[in-house]
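For the sequence shown, UniProt numbering assigns the number 1 to the initial residue and increments by one for each residue that follows.
Note that beta-carbon positions come from the ideal geometry of N, C-alpha and C, so glycine has one too.
Since the structure comes first, as structure tokens, the remarks are kept for the end.
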Amino acid sequence: MSFDEFSIKTLIRPVVDFPKPGVIFRDITPLFQSPRALRMVADSFIQRYVEADFSHIGAMDARGFLIGSIIAYELNKPLILFRKQGKLPADVLSESYQTEYGEAKLEVHADSLCEGDKVLIFDDLIATGGTLLAAAQLVRRMGASIIEAAAIIDLPELGGSQKLQDSGIATFALTTFSLTDQ
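Here is the structure:
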């Protein structure tokens, strides 16, 4: 099945003024309700990474878990969960970061990665880049490296992809939206 960006974009619902006035939230729920669209998204990522040199997949809480777990399963790679503060039961490493809405903390189990591991990180979208940059810091603190940050959606006007690239992290997204696209 070939990738059809138009059909994928039509299944990403714009929710105006959520979670605050002036924001258009990009809801991927309808995309996950379409078996054809989900297969198209997963197959596109699988095709891109099937021969790539990496050892682990990292997935961001919570929507990044959806696509990250599928790709980890299909490519037979270990899945590392990056969670919001207070959600992991064992020893964790924490990293604070800025979001569009304030400050947050991201955590990962301290024994998730080893020196020399290579990680592909997934989230549903790249906005300001805060979550993915925090994950990259956590990966680096464990002695591992990031091969790429991948997402279904990029919102380039918010500058996240550029911040990631400026910090040496390649990015890939299946589709982009401008801040005013409805």
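For residue i and residue j, what's the separation of their Cα atoms in angstroms?
i	j	result
Q137	F6	34 Å
L11	S178	16 Å
D117	V108	15 Å
S161	E148	11 Å
S69	T180	31 Å
A72	Q182	32 Å
F83	S96	Per the sequence presented here, residue 83 reads as Arg, with Phe not at that position. Taking the straight line from one Cα to the other gives about 12 Å.
A170	A135	14 Å
Quick check on this structure: which residue in the options has the alpha carbon closest to the alpha carbon of residue i?
i	options	result
G159	G130, M142, A144 and E103	G130
A52	F65, M60 and L75	L75
D4	I24, L38, R13 and D27	L38
D166	A144, I152, L132 and Q182	L132
T29	R63, K77 and R83	R63
G168	L155, P35 and S145	S145
residue 183	K163, R140 and T128	Lying before the first or after the last residue shown, residue 183 is absent from the chain, which here runs from 1 to 182.
D111	E103, S96, A90 and A150	A90
K9	V23, V41 and G22	V41
Y101	G22, Q182 and R13	G22
K77	S55, L113, I121 and F122	S55
R141	D123, S94 and T99	S94
T175	V139, A135, K87 and L125	L125
M60	S34, K87, D43 and R36	K87
A151	L31, A173 and G143	A173
Who does residue i pair with in a DSSP beta bridge?
i	result
S96	K105
D53	Beta-bridge pairing links D53 to no other residue.
V16	I24
A127	Partner(s): none; A127 has no beta bridge.
L118	Reading off the sequence shown, one finds Lys at residue 118, where the question assumed Leu. Its beta-bridge partners are S145.
TODO: Inspect the CB distances between the stretch 16-32 and the stretch 43-59 and report whether three or more fall short of 8 Å.
DONE: no
Open item on the list: In chain order, what are the residue ranges of uninterrupted beta strand (DSSP E) at least 3 long that sit wholly in the stretch 132-159?
Closed with: 145-154
Task: Segments assigned beta strand (DSSP E), at least 3 residues, entirely inside the stretch 36-91 - done: 56-60 and 79-84
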